[in-house]
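Mapping of the sequence shown onto my numbering: residues 718 to 1054, in sequence order.
Working notes, beginning with the structure itself.
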Amino acid sequence: MIFGTGALLMTNKTTQAPLAVTCGDPAGIGMEIFIAAQKEIGGDIPMVLFADRRHLPQGVPVTLFQPDTAPPPPDHIWLHQIDFAQPAHPGQPDRRNAAGVISAIEQAVRLTQAGQMAGLCTAPIHKAILQDGAGFQFPGHTEFLAHLCGVQQVVMMLTCPALSVVPLTIHIPISDVPKAITRELFHTTAHILNDALRRDFGIEEPRISVAGLNPHASEGGKIGREDIDQITPWVAELQSAGVSITGPQSADAMFHAQARTRYDAALCMYHDQALIPIKTLDFSGGVNVTLGLPIVRTSPDHGTAFDIAGQGLADASSMVQAIVYADRMIKARQNAN
Ligand SMILES: NC(=O)C1=CN([C@@H]2O[C@H](COP(=O)(O)OP(=O)(O)OC[C@H]3O[C@@H](n4cnc5c(N)ncnc54)[C@H](O)[C@@H]3O)[C@@H](O)[C@H]2O)C=CC1
Ligand SMILES: NCC(=O)COP(=O)(O)O
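If you want it as structure tokens, here you go:
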């Protein structure tokens, strides 16, 4: 279990730079869940929203961010202005705003790298609209942030108090999964995960459990060979290198409550193998974390939810948790240093 189920960790407001929060797609629920989160925890965790003032609801008090100044009153949005091309209409994404969405992420990363922001929490983007509207070349934030930070490989982890999961392969067609699972990807992912569980989450002896690719982890070779010929020897190599890693296990039997007590993170072979259990267990409390970056980055576990945007139906719990996790990870890194 990562960070337990405890109450929010309170921030030392006098010493910590604010957390950067990007708006995501302005036609999605990002802005409304940020405003709800700001009401709930903005007094404890200072945050700067990277967004266009014209996209905020009328009447919300706004203070423009200036470096090295105290946060405004908690009922104010502390804003880093991003100039978008068009107004925002909830539920009606506009590809002409794609460049603004990307610019918000770029500017938030730049200010975090410069030390003006303590870390980054991103509201959801719509990947297809960014590709269509601005030629966005990345499958998601995860790979874009690696690019912006000059890092070769990063790891996506989704976490909630009951479970943490890592998809080894992420946004690729299921037919491409077996050939994308290489020794190098497996080893690098396990090491990044192991290091991050120690540094960012304060787990001294992290335990990683590996999910098999095939049903029943290949059933002794009767259902595929990957688990036997590839994954098993890779796990043994990592064990020899001092990583506390076990498996591959039957994926269908490793997410029930008793099984979850045996590991700190499940290393899964593909996107849905990892995300279905966590979103089923805790859709509203799950947090997406990018491991292996020089900066802290978290995000809610859900997407843009265009179908409910602007209707007052969005649940802000995952955004609240994403902000709290970012704050805790920032402090864990400070302690580790
Ligand atoms: N971190 C990110 O930027 C993420 C972006 N996405 C992107 O979002 C877009 C839409 O993806 P979908 O698969 O439709 O997933 P989605 O999470 O946007 O929506 C799935 C269903 O869950 C509901 N839902 C989502 N968040 C909710 C909340 N906070 N409160 C209440 N209901 C909520 C939606 O109304 C919808 O019915 C895609 O482009 C996807 O790539 C998806 C996940 C994460
Ligand atoms: N399904 C998770 C997801 O889409 C998150 O992607 P990213 O934008 O955080 O890379």
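The beta-carbon is built from N, C-alpha and C at its ideal position, and this holds for glycine as well.
- Task: Would you check if the region 805 to 818 and the region 839 to 849 touch, i.e. whether three or more CB-CB distances between them fall below 8 Å?
- Result: yes
- Task: Could you tell me which of I1047, A802, R1050 and A1026 sits nearest to G808, measuring between CA atoms?
- Result: Residue mapping note: residue 808 aligns to position 91 of the sequence shown, counting from 1. The candidate whose alpha carbon is nearest that of G808 is A1026.
- Query: Going by C-alpha distance, which of R979, G919 and G964 is nearest V927?
  - Reply: Start at 1 with the first residue of the sequence shown, and residue 927 comes out as number 210. Checking every option, the nearest Cα to that of V927 belongs to G964.
- Message: Whether or not the region 857 to 877 and the region 1003 to 1015 are in contact is what I'm after, with contact meaning three or more pairs of Cβ atoms, one per stretch, closer than 8 Å; do they touch?
- Response: yes
- Task: Report the residue from R1050, E936, T829 and I962 whose alpha carbon sits nearest the alpha carbon of H908.
- Result: Looking up residue 908 in the sequence shown gives position 191. Closest by alpha carbon: I962.
- Task: Return the CA-CA distance between D917 and M1046, expressed in angstroms with no decimal places.
- Result: Locating residue 917 in the sequence shown gives position 200, where the first residue counts as 1. Locating residue 1046 in the sequence shown gives position 329, where the first residue counts as 1. Computed Cα separation, rounded: 5 Å.
- Item | Ordered list of alpha helix (DSSP H) runs contained in the region 766 to 849, each at least 4 residues | 815 to 830
- Query: If you follow the alpha helix (DSSP H) that L865 is part of, which residue opens it and which one closes it?
  - Reply: Counting from one through the sequence shown, the residue named residue 865 turns up at place 148. Here the alpha helix (DSSP H) through L865 covers H858 to C866.
- Task: Classify T722 as helix, strand or coil using the three-state DSSP reduction.
- Result: Residue mapping note: residue 722 aligns to position 5 of the sequence shown, counting from 1. Only weak support exists for where T722 lies, its pLDDT of 42 falling under 50; the value from the coordinates is given anyway. Of the three classes helix, strand and coil, the one that applies to T722 here is coil, per DSSP.
- Cβ contact check for the region 826 to 837 and the region 737 to 755: 3 or more pairs under 8 Å: Yes: at least three Cβ pairs fall under 8 Å.
- Message: Give me, in chain order, the residues of the same chain whose beta-carbon lies closer than 6 Å to that of A991; leave out the 5 immediate sequence neighbours on both sides.
- Response: Locating residue 991 in the sequence shown gives position 274, where the first residue counts as 1. Correct list, in chain order: V882, P884 and C985.
- Item | Backbone CA spacing between Q1051 and Y1042 [nearest angstrom] | Counting from 1 along the sequence shown, the entry for residue 1051 is found at position 334. Counting from 1 along the sequence shown, the entry for residue 1042 is found at position 325. Straight through space, the alpha carbons of Y1042 and Q1051 are spaced by roughly 14 Å.
- Considering only C-alpha positions, which residue in the set V765, A1031 and G941 is nearest to T786? Position 69 of the sequence shown, counted from the first residue, corresponds to residue 786. That would be V765, whose Cα lies nearest to the Cα of T786.
- Just checking, does the region 758 to 772 make contact with the region 860 to 869 on the three C-beta pairs under 8 Å criterion? no
- For C1055, the residue or residues it bridges with in DSSP: Look at the range of the chain in this structure, 718 to 1054, and you will see that residue 1055 is not part of it.
- Task: Please report the residue range of the alpha helix (DSSP H) in which N1005 lies.
- Result: What you label residue 1005 is simply residue 288 of the sequence shown in a count that begins at 1. Segment V1004 to L1008 is the beta strand (DSSP E) holding N1005; no alpha helix (DSSP H) there.
- Can you name, in chain order, every residue of its own chain whose Cβ lies under 7 Å from the Cβ of F782, other than the five neighbours on each side? Position 65 of the sequence shown, counted from the start, is the residue given in the question as residue 782. V765, W795, L796 and H797.
- Cβ-heavy atom distance between K756 and ligand 1 below 8 Å? Taking the sequence shown and counting its residues from 1, one reaches residue 756 at position 39. Checking every heavy atom of ligand 1 against the Cβ of K756, none is found closer than 8 Å.
- What is the rounded straight-line gap between the Cα of Q775 and the Cα of Q733? Translated into positions along the sequence shown, residue 775 becomes position 58. Translated into positions along the sequence shown, residue 733 becomes position 16. Rounded to the nearest angstrom, the two C-alpha atoms are 30 Å apart.
- In angstroms with no decimal places, state the Cα-to-Cα distance between L837 and A825. Within the sequence shown, residue 837 is the residue found at index 120, counting from 1. Within the sequence shown, residue 825 is the residue found at index 108, counting from 1. Computed Cα separation, rounded: 7 Å.
- Candidates T859, Y980, A840 and A879: closest to E921 by CA position: Here residue 921 refers to the residue found at position 204 of the sequence shown. Out of T859, Y980, A840 and A879, Y980 has the C-alpha closest to the C-alpha of E921.
- Would you give the residue range spanned by the beta strand (DSSP E) that L984 belongs to? For the purposes of this step, residue 984 is identified with residue 267 of the sequence shown, where counting begins at 1. Here the beta strand (DSSP E) through L984 covers A982 to C985.
- Item | N1005 CB to nearest heavy atom of ligand 2 below 8 Å | By 1-based counting over the sequence shown, the position of residue 1005 is 288. Yes, ligand 2 has a heavy atom inside 8 Å of this Cβ.
- Message: Can you give me the C-alpha to C-alpha distance between F1000 and H858, rounded to a whole angstrom?
- Response: For the purposes of this step, residue 1000 is identified with residue 283 of the sequence shown, where counting begins at 1. For the purposes of this step, residue 858 is identified with residue 141 of the sequence shown, where counting begins at 1. Pairing F1000 with H858, the inter-Cα distance amounts to about 20 Å.
- Item | I962 beta carbon near ligand 2 (any heavy atom closer than 8 Å) | Position 245 of the sequence shown, counted from the first residue, corresponds to residue 962. No, the Cβ of I962 stays beyond 8 Å of every heavy atom of ligand 2.
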